[in-house]
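Data first, discussion second: the structure below is written as C-alpha cells.
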C-alpha cells in the first residue's frame with residue numbers, strides 16, 4: 002500500500018482558508034502499490050526482473066520474447082487443427098480466449114463486449130474472431146476408488162468380496178441429483194466463428 006495525497010475544495014465554502022486557496026483541504030488515503038499486485042511482486046522467470054506492470058505479465062527480455070513466439074506458434078497449430086461448427090449445433094458454453102470468459106451464446110458475447118467497450122477508456126479493445134466450444138464435466142464418484150480405500154487396512158482379498166455394481170449405481174444416482182456442479186472447459190477442438198456484422 003502507499004499513501005496518496007488528495008487535495009480538494011468544497012463548493013460553497015466561505016471559510017478564511019478557502020479565500021486564500023482554491024483547494025485548501027488535504028487528506029491522505031491508502032492506495033495500491035504500483036510495484037506489486039496484491040502485495041506480491043512477480044518476477045519474469047527468464048530474466049528475474051520485476052514486471053513493469055504487475056497486473057500485466059509482459060517483459061521485454063529475450064527469453065520472454067522467445068517463449069512468447071513459441072507460444073504463438075503452438076497456438077496457431079492448435080487453431081489450424083480445430084474445426085469450425087455452427088452455433089446451432091453447440092449444446093454447451095462458448096469460451097473467449099482473449100477475455101478468459103464463458104458465454105451462453107454469441108449474443109451473450111456481444112452483450113459482454115459492448116459493456117467492456119462502453120466502460121473502457123481505451124477503445125482499441127481486441128476483437129476476437131472465434132469462440133471455443135467447451136467440454137462439460139459433471140460430478141462423478143468412482144466406486145472402485147471408494148472400496149479400495151475402505152478396504153486398505155483389511156485383509157488382501159477384502160475388496161474382492163465387495164459389491165462394486167450396487168455401490169456404483171447408488172453413487173451414479175446420487176450424482177444425477179446434484180445441481181450446480183457442472184463445469185466447462187475449453188477443449189480447443191471446435192469453434193464458432195464470430196460474425197461481427199451482427200454486432
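In the numbering used here, the protein residues as written are 2 to 200.
Ideal placement from N, C-alpha and C gives every residue a C-beta, glycine not left out.
Backbone secondary structure at residue 183 - three-state DSSP: coil
Cβ-Cβ separation, residue 85 to residue 194 (assumed contact under 8 angstroms), whole Å: Sure, about 6 angstroms apart at Cβ, within 8 angstroms.
Beta-ladder partner(s) of residue 146, from DSSP: For residue 146, which the question treats as bridged, DSSP gives no partner whatsoever.
Looking at the unbroken alpha helix (DSSP H) that takes in residue 5, where does it start and where does it end? Here residue 5 belongs to no alpha helix (DSSP H); instead the beta strand (DSSP E) covers 3-9.
Could you tell me the boundaries of the alpha helix (DSSP H) in which residue 32 lies? Residue 32 -> not in any alpha helix (DSSP H); beta strand (DSSP E) instead, spanning 26-32.
By how many angstroms is the C-alpha of residue 187 removed from the C-alpha of residue 12? 53 angstroms
Give the DSSP-derived three-state secondary structure of residue 115 in the structure shown. helix
With DSSP as the reference, label residue 16 as helix, strand or coil. coil
With distance defined between alpha-carbon atoms, name the residue in 181, 173, 115 nearest to residue 128. Restricting attention to 181, 173, 115, the CA atom closest to the CA of residue 128 is found in 115.
Leaving out the 5 sequence neighbours to the left and right, which residues in its chain are closer than 7 angstroms to residue 9 when beta-carbon positions are compared? 24, 26
Considering only DSSP beta bridges, list what residue 97 is partnered with. DSSP lists 102 as the beta-bridge partner residues of residue 97.
Have a look at 61, 64, 105, 90 and flag the residue whose alpha-carbon is nearest the alpha-carbon of residue 185. 105
Residue 142 versus 112, 153, 159, 174, residue with shortest Cα-Cα distance: The option with the nearest alpha carbon to residue 142 is 174.
State whether the segment 160-170 contacts the segment 95-114, with contact taken as three or more CB pairs (one from each stretch) at a distance under 8 angstroms. no
Taking the alpha-carbon positions, what's the residue 135 to residue 92 distance? 9 angstroms
Whose C-beta lies closer than 7 angstroms to the C-beta of residue 97 among residues of the same chain, with five residues either side of it excluded? Counting only residues of its own chain and dropping the five nearest sequence neighbours on each side, residue 97 has a CB closer than 7 angstroms to the CB of 104, 110, 129, 132.
Pairwise C-alpha distance: residue 32 and residue 179: 43 angstroms
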